[in-house]
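>
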DNA sequence: CTGAATTATTAGCCTAAACTAATTTAACGA
DNA sequence: TCGTTAAATTAGTTTAGGCTAATAATTCAG
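Residue numbers (my numbering), protein chains in the order written: chain A, 36 to 266; chain B, 36 to 266.
(1) Give, in chain order, every residue of the stretch 115-143 of chain A whose Cβ lies closer than 9 Å to some Cβ of chain B.
(2) So the candidates are B:140, B:116, B:59, B:68; which of them puts its Cα closest to the Cα of residue 88 (chain B)?
(3) Check the C-beta distance from residue 254 (chain B) over to residue 263 (chain B) and give it rounded, since I have them as a contact under 8 Å.
(4) Just the chain A side, please: which residues come within less than 8 Å of residue 147 (chain B) by C-beta, in chain order?
(5) For a contact meaning CB atoms closer than 8 Å, what does residue 150 (chain A) contact in chain B?
(6) With DSSP as the reference, label residue 103 (chain A) as helix, strand or coil.
(7) Could you please give the first and the last residue of the uninterrupted alpha helix (DSSP H) stretch that includes residue 76 (chain A)?
(8) I'd like the span of the alpha helix (DSSP H) that includes residue 215 (chain A), first residue to last.
(9) Going by C-alpha distance, which of B:181, B:172, B:184, B:158 is nearest residue 190 (chain B)?
(10) From what residue to what residue does the alpha helix (DSSP H) around residue 57 (chain A) run?
(11) Assuming residue 244 (chain B) is part of the beta strand (DSSP E), what are its boundary residues?
(12) Starting from residue 186 (chain A), find everything on chain B with Cβ-Cβ shorter than 8 Å and list it in chain order.
(13) Answer yes or no: does any C-beta atom of chain A fall closer than 8 Å to that of residue 50 (chain B)?
(14) For residue 206 (chain B) versus residue 169 (chain B), is the C-beta spacing smaller than 8 Å?
(15) Within 10 angstroms of the Cβ of residue 110 (chain B), are there 16 or more other Cβ atoms? Answer buried if so, exposed if not.
(16) Helix, strand or coil: how does DSSP classify residue 265 (chain B) here?
(17) Flag residue 163 (chain A) as yes if its beta-carbon sits less than 8 Å from any beta-carbon of chain B, otherwise no.
(18) Report yes if the C-beta distance between residue 228 (chain B) and residue 246 (chain B) is below 8 Å; otherwise report no.
(19) Quick check on residue 166 (chain B) - is its C-beta less than 8 Å from some C-beta in chain A?
(20) If you draw a straight line from the C-alpha of residue 78 (chain B) to the C-alpha of residue 100 (chain B), how long is it?
(21) Residues in its own chain within less than 7 Å of residue 70 (chain B) by CB, not counting five upstream and five downstream?
(22) Is it buried or exposed for residue 237 (chain A), if we count other Cβ within 10 angstroms and need 16 for buried?
(23) Here's the rule: buried if 16 or more other CB atoms are within 10 angstroms of the residue's CB, otherwise exposed. What is residue 126 (chain A)?
(24) Taking all protein chains shown into account, do 16 or more other C-beta atoms lie within 10 angstroms of the C-beta of residue 62 (chain B), making it buried, or fewer, making it exposed?
(25) Measuring CB to CB, does residue 133 (chain B) end up less than 8 Å from residue 154 (chain B)?
(26) By the 10 Å Cβ neighbour count, where 16 or more other Cβ atoms means buried, how is residue 142 (chain B) classified, buried or exposed?
(27) Using DSSP bridges, identify the partner residues of residue 208 (chain A).
(28) Using CA atoms only, rank isn't needed, just tell me which of B:91, B:66, B:65 is closest to residue 56 (chain B).
(29) Identify the residues that DSSP records as bridge partners of residue 250 (chain B): which are they?
(30) Taking its Cβ as the centre, do 16 or more other Cβ atoms sit within 10 Å of residue 140 (chain A), making it buried, or is it exposed?
See the structure below:
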């Protein structure tokens with residue numbers, strides 16, 4: 036009496052995604068954008084065994100979040116992409132709040148935001164956006180997707196790919212703790228303006244001068260970890 | 036080689052409690068304080084079937100959070116009590132933030148805090164406390180346990196138990212939505228100062244006068260839902 | 001175009017935390 | 001004290017989301 040045949044109200048499609056599913060959606064987005072993410076890449080990013088990922092891909096397809104074909108990876112559907120952007124919006128707004136109002140340091144912020152992003156409602160998110168003055172970038176300089184799902188793609192690139200003479204602004208730095216610590220100690224933090232003095236092809240060392248006239252020579256590894264945007 | 040016998044590092048004791056376990060701890064505290072909570076009471080408070088509760092009691096005993104005896108209920112251990120108070124501290128600080136800084140209404144606050152309290156770290160909690168100026172009461176007037184676990188017990192009581200002539204302040208109101216709505220519409224919100232005009236034994240109707248001289252007659256059900264503290 | 005090496009999948013198992021149905025214990029009134 | 005009722009427990013099942021070991025598909029180098 037209650038169910039009148041195979042209409043389109045599959046229970047798997049309706050329920051809002053669990054924290055795990057959200058993590059997968061975000062990982063697929065980060066690893067492959069609008070393309071297809073491989074089992075391996077997602078498994079690595081989430082530190083989860085590959086078979087668990089295969090398994091989840093199947094379930095996420097049933098939920099309508101991805102298009103999945105065996106041995107071919109999973110790509111986000113329109114709905115999946117929407118979920119990913121909503122999650123990234125939450126994450127970046129939360130990070131902004133933690134850094135600007137609660138005195139978090141760069142090191143501590145990520146882990147906390149990673150947990151909170153699964154717990155806040157859309158209502159919370161929009162009020163927090165209001166509280167923060169509707170920022171369109173987080174303190175890393177990464178764009179914050181709008182509430183309607185639109186967002187400006189990230190136009191930053193690794194410092195190693197800059198050209199000599201260019202003036203750039205640091206937008207974010209790789210989140211490996213020791214890298215972060217070194218860069219922090221030397222004042223190379225997001226928002227900082229740099230002039231690129233030399234990019235040496237031979238060994239990949241990039242020499243930059245900061246706003247205070249200080250000079251820094253960064254090896255290949257560091258030049259790959261510092262992301263900048265043209266000024 | 037790795038495990039050298041039955042020493043005291045049981046894995047069940049170490050891992051930090053899941054959101055479910057936290058809910059149980061809090062429920063036991065709310066239902067029974069330092070006494071023993073019955074299966075039924077906890078089941079009702081959490082809207083969970085009784086057998087699930089029995090099951091959880093056993094596991095929580097293994098975790099060292101409760102003392103449990105079959106057919107006799109569960110009471111919190113020192114550690115369990117500590118967890119409960121930490122959770123309540125988080126909850127009340129979060130509510131304070133939502134109400135005072137994000138523009139939440141009384142109606143919306145509870146649900147959001149209920150989810151967030153499981154997601155925030157101790158570090159977040161203490162920074163939030165700092166941000167809020169280390170309040171020792173939430174906007175309901177309920178005491179906020181200190182970070183070290185000490186706290187002033189709640190000395191509020193239902194309006195129905197007040198005496199005629201007494202001056203009292205509303206500390207909290209029952210969280211049934213329709214009750215909340217009615218009381219809100221009539222300005223009977225936490226913080227409000229009242230003079231008790233009459234407490235009629237016959238039918239339990241309590242008549243009060245508010246700060247603006249308005250008079251309200253509250254029946255038994257409402258008088259039980261409004262908690263006050265002597266002024 | 002064939003055979004490693006890489007990647008993915010299947011099969012089977014585990015845990016936390018819920019459920020229902022059936023049974024047992026406790027408690028209380030006559 | 002006995003029997004009825006209310007409460008609690010046991011037994012067995014379910015679902016989400018992990019895991020390992022074994023197998024299969026794909027890809028790439030020669």
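From the three backbone atoms N, C-alpha and C, an ideal C-beta is built for every residue, glycine too.
Taking the structure as given:
(1) Sequence-ordered contacts of the stretch 115-143 of chain A with chain B read 133, 136, 137, 138, 139, 143 [C-beta pairs closer than 9 Å].
(2) As a working mapping, residue 88 (chain B) is identified with position 53 in the second chain. The candidate whose alpha carbon is nearest that of residue 88 (chain B) is B:59.
(3) Position 219 of the second chain, counted from the first residue, corresponds to residue 254 (chain B). Position 228 of the second chain, counted from the first residue, corresponds to residue 263 (chain B). About 16 Å separates the two Cβ atoms, so there is no contact after all.
(4) Looking up residue 147 (chain B) in the second chain gives position 112. What residue 147 (chain B) touches in chain A, judged by beta-carbon distance under 8 Å, is 155, 156, 158, 159, going in chain order.
(5) Taking the first residue of the first chain as position 1, residue 150 (chain A) is located at position 115. Under the 8 Å cutoff, chain B gives 154, 155, 156.
(6) Position 68 of the first chain, counting from 1, holds the residue named residue 103 (chain A). Annotated three-state conformation of residue 103 (chain A) is strand, per DSSP.
(7) In the first chain, the residue the question calls residue 76 (chain A) occupies position 41. Looking at the DSSP string, the run of the alpha helix (DSSP H) that includes residue 76 (chain A) is 74-81.
(8) In the first chain, residue 215 (chain A) corresponds to position 180, counting from 1. Residues 212-220.
(9) Taking the first residue of the second chain as position 1, residue 190 (chain B) is located at position 155. For the options B:181, B:172, B:184, B:158, the alpha carbon positioned closest to that of residue 190 (chain B) is the one of B:172.
(10) Walking along the first chain from the start, residue 57 (chain A) turns up at place 22. Its alpha helix (DSSP H) spans residues 54-67.
(11) Translated into positions along the second chain, residue 244 (chain B) becomes position 209. Bounds of the beta strand (DSSP E) holding residue 244 (chain B) are 241-245.
(12) Walking along the first chain from the start, residue 186 (chain A) turns up at place 151. Neighbours of residue 186 (chain A) on chain B: none; closest Cβ ~23 Å, over 8 Å.
(13) Within the second chain, residue 50 (chain B) is the residue found at index 15, counting from 1. With 8 Å as the cut-off, residue 50 (chain B) does not count as an interface residue toward chain A.
(14) Indexing the second chain from 1 puts residue 206 (chain B) at position 171. Indexing the second chain from 1 puts residue 169 (chain B) at position 134. Judged by beta-carbon spacing, residue 169 (chain B) lies beyond the 8 Å limit of residue 206 (chain B), meaning their Cβ atoms are not closer than that value.
(15) On the second chain, position 75 is the one that residue 110 (chain B) refers to. Buried, because 16 or more other Cβ atoms sit within 10 Å of the Cβ of residue 110 (chain B).
(16) Sequence index remark: in the second chain, residue 265 (chain B) carries index 230 (1-based). Assignment of residue 265 (chain B) by DSSP, reduced to helix, strand and coil, places it in the strand class.
(17) Within the first chain, residue 163 (chain A) is the residue found at index 128, counting from 1. Yes, its Cβ sits closer than 8 Å to a Cβ of chain B.
(18) By one-based count along the second chain, residue 228 (chain B) stands at place 193. By one-based count along the second chain, residue 246 (chain B) stands at place 211. For the 8 Å CB-CB criterion, residue 228 (chain B) and residue 246 (chain B) form a contact.
(19) Position 131 of the second chain holds residue 166 (chain B). Among the residues facing chain A, residue 166 (chain B) is included, as its CB has a counterpart in that chain under 8 Å away.
(20) One-based indexing of the second chain puts residue 78 (chain B) at position 43. One-based indexing of the second chain puts residue 100 (chain B) at position 65. Taking the straight line from one Cα to the other gives about 17 Å.
(21) As a working mapping, residue 70 (chain B) is identified with position 35 in the second chain. If we look at residue 70 (chain B) and ignore the five residues flanking it on each side, its Cβ neighbours are 110.
(22) Translated into positions along the first chain, residue 237 (chain A) becomes position 202. By the neighbour-count rule (16 or more Cβ atoms within 10 Å), residue 237 (chain A) is not buried but exposed.
(23) Walking along the first chain from the start, residue 126 (chain A) turns up at place 91. Flag for residue 126 (chain A) reads buried.
(24) Counting from one through the second chain, the residue named residue 62 (chain B) turns up at place 27. Buried: at least 16 other Cβ atoms inside 10 Å.
(25) Position 98 of the second chain, counted from the start, is the residue given in the question as residue 133 (chain B). Position 119 of the second chain, counted from the start, is the residue given in the question as residue 154 (chain B). Contact: no.
(26) Here the question's residue 142 (chain B) lines up with position 107 in the second chain. By the neighbour-count rule (16 or more Cβ atoms within 10 Å), residue 142 (chain B) is not buried but exposed.
(27) In the first chain, counting from the first residue as 1, residue 208 (chain A) sits at position 173. For residue 208 (chain A), which the question treats as bridged, DSSP gives the partners A:261.
(28) Position 21 of the second chain, counting from 1, holds the residue named residue 56 (chain B). Taking only the C-alpha atoms, the option nearest residue 56 (chain B) is B:91.
(29) As a first step, residue 250 (chain B) must be located in the second chain, where it is residue number 215. B:244, per the DSSP bridge assignment.
(30) Looking up residue 140 (chain A) in the first chain gives position 105. Counting other Cβ atoms within 10 Å of its Cβ, residue 140 (chain A) stays below 16 and is therefore classed as exposed.
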